[in-house]
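S.K.: In the working numbering, the protein residues as written are 48 to 106. This is the structure, below, for whatever I ask next.
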Amino acid sequence: MQKGLSGAQNEILLAVVADAREELRRAGPEAAGRVVERETRRRCAERQRSGGATGHPWQ
48 MQKGLSGAQN EILLAVVADA REELRRAGPE AAGRVVERET RRRCAERQRS GGATGHPWQ
C-alpha cells in the first residue's frame with residue numbers, strides 16, 4: 048500500500064496549490080476551487096497519457 052505522494056504527484060499538488068492561491072487573491076475562493084478541480088484533472092490526465100509511473104500511456 049502506497050503511503051504519501053509520489054514525486055510526480057507532489058509536483059502536481061504544489062503547482063495546483065500555487066495556481067489556486069493566485070486565483071484566490073485575484074477572484075476569491077469559488078474561483079480558486081474551480082482552478083483546483085480543473086488543473087488537478089488536467090495535470091493528472093496529462094501525466095497518465097505520457098506514461099505515468101508505469102511508463103505506459105493510456106491506451
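Glycine included, C-beta positions come from ideal geometry on N, C-alpha and C. Model, not experiment: these values are computed from the prediction.
Three-state secondary structure (DSSP) at LEU60?
M.R.: helix
S.K.: Taking all protein chains shown into account, decide if GLU70 is buried (16 or more other Cβ within 10 angstroms of its Cβ) or exposed.
M.R.: buried
S.K.: Can you tell me whether DSSP reads LEU71 as helix, strand or coil?
M.R.: helix
S.K.: Give me, in chain order, the residues of the same chain whose beta-carbon lies closer than 8 Å to that of GLN106; leave out the 5 immediate sequence neighbours on both sides.
M.R.: Low local confidence applies: a pLDDT of 46 at GLN106 is under 50, so the model's placement there is unreliable, and no value is given.
S.K.: Could you give the first and the last residue of the continuous alpha helix (DSSP H) run that contains GLY80?
M.R.: 76–96
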